[in-house]
Amino acid sequence: MRLILLGAPGAGKGTQANFIKEKYNIPQISTGDMLRAAIKEGTELGLAAKKVMDLGGLVSDDIMIGLVKNRLQDADCANGYLFDGFPRTIAQADAMKDAGIDVDYVLEIDVPDASIIERMDGRRSHPGSGRVYHTKFNPPKVDGIDDVTGEPLIQRDDDKAETVKKRLDVYHNQTKVLLDYYNNWAQSGLPGAPKYRRIAGVGPVEQIRDSAFAALAQ
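In terms of this note's numbering, the sequence shown is numbered consecutively and its last residue is 220.
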């Protein structure tokens, strides 16, 4: 199973990625993790990336694709791989295609913006333990108080509605074009084209998981 997982921030990609990884015995390919590892190991690509980052620049698509190709040669990718958060742009998608990085499926988790904002804005965290509550879906016994310690809960800045809206705007402006890119490629019938599947990301986690598995079995 060689898969790209797409969806807005807060759509639940991380949760579903874990289910998919376990079912198909494949690793999740994180470009951030690869960058950090390459820099730490002092590889040629890692040193090139560090040079750019130290100057405050963005690592080029060529370097990222090189890192991805190296990562896919590792033994744990024998059964396939799952990309979450990459590619982010059409240029990266084209570079993946040109590099011969094959993909069987592109799976989009579709969640309305309003649901994502409600989902994120209602989150409350206990800083000491990492326990997470939700004002509507999983409230603490006492409003604003951790069940176990009795300490106050906080709302992370990343979870505040205005921050979530900004992240969604970036997603719609930059990344959403990838949905059309892969959908059109899938419908082209060209050799090597992936299958494109869209599932609803609203409802119980297990229901979404079953929808994902069913989509990937078609």
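Don't be surprised by glycine CBs; every beta carbon is placed ideally from N, CA and C. A quick note: this is a predicted structure, and the numbers were derived from the prediction, not measured.
Between Leu109 and Ile28 the beta-carbon gap is near 13 Å, outside 8 Å, which marks them as no contact. The three-state secondary structure of Gln176, taken from DSSP, is helix.
Nearest to Arg38 by alpha-carbon distance, out of Met66, Glu120 and Gly102, is Met66. Residue pairing of Asn140 in beta bridges, as defined by DSSP: His136. In the DSSP assignment, Ile210 forms no beta bridge with any residue. Counting the other Cβ atoms within 10 Å of the Cβ of Lys168 gives fewer than 16, which makes it exposed. When Trp187, Arg73, Leu170 and Ala77 are compared, the shortest CA-CA separation from Asp115 is found for Leu170. Across the structure, Val144 and Leu155 are spaced so that their CA atoms are roughly 10 Å apart.
Restricting attention to beta strand (DSSP E) runs no shorter than 3 residues, the region 7 to 90 encloses them at 83 to 86, ordered along the chain. Beta-bridge pairing by DSSP links Ile201 to Ile111.
Spanning the alpha carbons of Gly194 and Ala95 requires a straight line of approximately 14 Å. Between Asp106 and Arg211, the C-beta gap is not smaller than 8 Å, which leaves the two residues out of contact. In this structure, the straight-line span from the alpha carbon of Asp182 to that of Val150 is close to 46 Å.
A direct Cα-to-Cα measurement between Asp56 and Pro206 gives close to 43 Å.
Secondary structure note for Ser127: its beta strand (DSSP E) is the uninterrupted segment Arg125 to Ser127. The region 83 to 93 and the region 176 to 190 touch, with three or more beta-carbon pairs separated by less than 8 Å. Take the alpha-carbon of Lys197 and the one of Gly146: they are about 45 Å apart.
Burial check for Asp161: the Cβ neighbour count within 10 Å reaches 16 or more, so the residue is buried. Taking C-beta atoms as the reference points, Tyr26 and Gly82 count as a pair closer than 8 Å.
The C-beta distance from Ile41 to Gly34 rounds to 11 Å, too long to fall under 8 Å, and the pair is not in contact.
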